[in-house]
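Numbering (the working numbering), first residue to last: -14 to 629.
See below:
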């Protein structure tokens, strides 16, 4: 009984179908018109196909056909309804065929659905397992996230401690050395290397006597005041304060940042400013300065306690020059003088090569007076006066009637005291020493500025209300000292020639004076580049007009017209200028005047990549450049009338 019950439970669908089939057969037995009731057999067959598959459905259909055939055999009258026996048989056969087909297709559909169901169940199981794994992973991630949050908090706390320590270290470094060096040390960019630099030593004369008469706190206060003024000048001219030596200082220019090629000029101009500032302090003291230029070893020196410094012969020479320098004087060596003059270093190298060539020629013809004279002139150009006098004297002995040799000999003899080399302790050879008196005024250069022009417009210098020290550090970067004054006076003169109002003339003059102040923000190595600049480097340099406007706004200048003149003075009438590509009438007359004054001043000045032009050639170049632009041509014509 249990087996029967278990069989019925486990095979309920088949039992149910069998019961339906038997019920249909029983009903079919009693139905008088059996042909019309044939389609009822589709019910058990379709159910069998849906629940049991093709095999049982086909068997059920085949069994139904056999049963109907048996009924047809025994009860043919129940099937024939006015048709022939053949037609009735054909209908039964057709019914049986469709019944088999329906059974097969229903079973096939059942099997495919069952397969899909099995696949779905398998996927569902996989999904459940995946969900479990995801839940485990999610729990792990939550745990990791909690740990990460804790670690993040710990790292943030440690980072705050590190930043606090870094700030304290930076403050300590900044209080003991200049900010540039401190930043390089923090970034680990300080290297021990041999580099070309200028070394400056300064010392106060009579400080010991001064300090003996004052209380200690007064002495320290005065000394700190003095050093504070000197520090600002050294930093302004890109120098590094190496150390304080009592009342003196040791500074390097050109290190630790080697971008400033004209470091000798920086050192000399800084020393001139230092002497001027000391006089303004009204202290009963005078300063002496020694500057030497050459190669030195620079870097962090020391084992436990390191200090950035320079060592080498150039350092010793600078110290010796400071020691022999008279009060209020600035002594420099020959290398420094060469680097601060307008001529390029290559000229002096060329002169030395010419001397060597002439000396070789002199060996084959030692009695050539003209050759001796030429060698003497070459030595005179290098300021080796004693050697020059020796060659002039030999030439004069061979040709005593030559007036040129006589004049050269007399001139060299008269200038012996000015240029004579002196003996320095620690140096095997005598050294040429020069006393710096001040900066040359480019307006006094008659090859560039005619005397009549200078006399007519020199009063403009008094109109300029801005201290020259504001712009001078920027001019020193590319060696174009005095360009602000020259450009301002030329721009003012052009504006006067064009009969512009006084207020506009002063506005144009101020714009011309400040036109290059933005170069302070341009990398110095680009301004001093002798080779070709890349497009990106040109783009960097051309930012100086916009940077100049920002700098002046920071300084408190609010005259929008004046700022526009500075911003637009490199714009071109054809739209090829910068920074905004303005053209034609978009460029104001003020910006045009400032731009042409700047172009003229650039042409008559020495540049790292070329020598200066003659002023008439410069005017002709501007005339050629602007011949197609009537507005600019009027300005150039005004300039030509003033300068030619």
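All C-beta atoms in this analysis are idealised placements derived from N, C-alpha and C, irrespective of residue type, glycine included.
When C-beta atoms of the region 255 to 267 are compared with those of the region 466 to 485, fewer than three pairs fall below 8 Å, so the two segments do not count as touching. DSSP, read as helix, strand or coil, puts residue 378 in helix. Bridge pairing for residue 607: absent [DSSP]. In this structure, residue 213 sits away from residue 273, with a CB-CB distance that is not shorter than 7 Å. Residue 211 is not a Cβ neighbour of residue 255, given a cutoff of 7 Å. Taking a cut-off of 8 Å on C-beta distances, the region 561 to 569 does not touch the region 599 to 608, as fewer than three cross pairs fall below it. A straight line joining the alpha-carbon of residue 611 with that of residue 619 spans about 9 Å. Setting aside the 5 residues that flank it on each side, residue 176 is surrounded in the same chain by 284, each with a C-beta closer than 8 Å to its C-beta; the list follows chain order.
Residue 445 sits close to residue 477, with the two beta carbons spaced by under 7 Å. Closest in C-alpha terms to residue 229, from the list 240, 209, 245, 126, comes 209. Taking residue 469 as the centre and dropping the five residues before and after it, the same chain places the C-beta of 456, 498 closer than 6 Å to its C-beta, in chain order.
With respect to the C-alpha of residue 586, the residue from 559, 560, 621, 570 having the closest C-alpha is 621. CA-CA distance, residue 549 to residue 576, rounds to 7 Å. As far as DSSP is concerned, residue 567 takes part in no beta bridge. With fewer than 16 neighbouring CB atoms inside 10 Å of its own CB, residue 136 falls in the exposed class.
The continuous stretches of beta strand (DSSP E) do not include residue 355, which lies in the alpha helix (DSSP H) extending over residues 354 to 366. Going by beta carbons, residue 139 and residue 182 fall outside the 7 Å limit. Taking residue 544 as reference, the option from 371, 488, 462 with the minimal CA-CA separation is 488. If you check the CB distance, residue 218 and residue 259 come in under 7 Å. Scanning 558, 370, 379 for the CA closest to the CA of residue 356 turns up 379. Between the alpha carbons of residue 373 and residue 589 lies a distance of about 31 Å. Taking residue 614 as the centre and dropping the five residues before and after it, the same chain places the C-beta of 558 closer than 7 Å to its C-beta, in chain order. The C-beta separation of residue 553 from residue 572 comes to about 6 Å, placing the pair in contact by the 8 Å criterion. Contact between the region 107 to 115 and the region 66 to 81 is absent: fewer than 3 CB-CB pairs across the two stretches fall below 8 Å. At a Cβ-Cβ threshold of 7 Å, residue 179 and residue 280 count as neighbours. The C-beta separation of residue 321 from residue 253 comes to about 7 Å, placing the pair in contact by the 8 Å criterion. Taking all protein chains in view, the Cβ of residue 71 is surrounded by fewer than 16 other Cβ atoms within 10 Å, so the residue is classified as exposed.
Rounded to whole angstroms, the Cβ separation of residue 462 and residue 129 is 55 Å, and the two are not in contact under 8 Å.
In the DSSP assignment, residue 484 falls outside any beta strand (DSSP E) and carries neither an H nor an E. In the DSSP annotation of this structure, the continuous segment of the alpha helix (DSSP H) that includes residue 204 starts and ends at 201 to 221. Excluding residues up to 5 positions away in sequence, 562, 567, 572 lie with their Cβ nearer than 6 Å to the Cβ of residue 556 in the same chain. Secondary structure at residue 387: coil, using DSSP grouped into helix, strand and coil.
For residue 540, the enclosing alpha helix (DSSP H) stretches over residues 529 to 540. Taking C-beta atoms under 8 Å as the contact rule, residue 471 and residue 428 qualify, at a distance of about 6 Å.
Proximity to residue 579 across 249, 616, 493 peaks at 493, based on C-alpha coordinates.
A direct Cα-Cα distance of roughly 53 Å separates residue 467 from residue 143.
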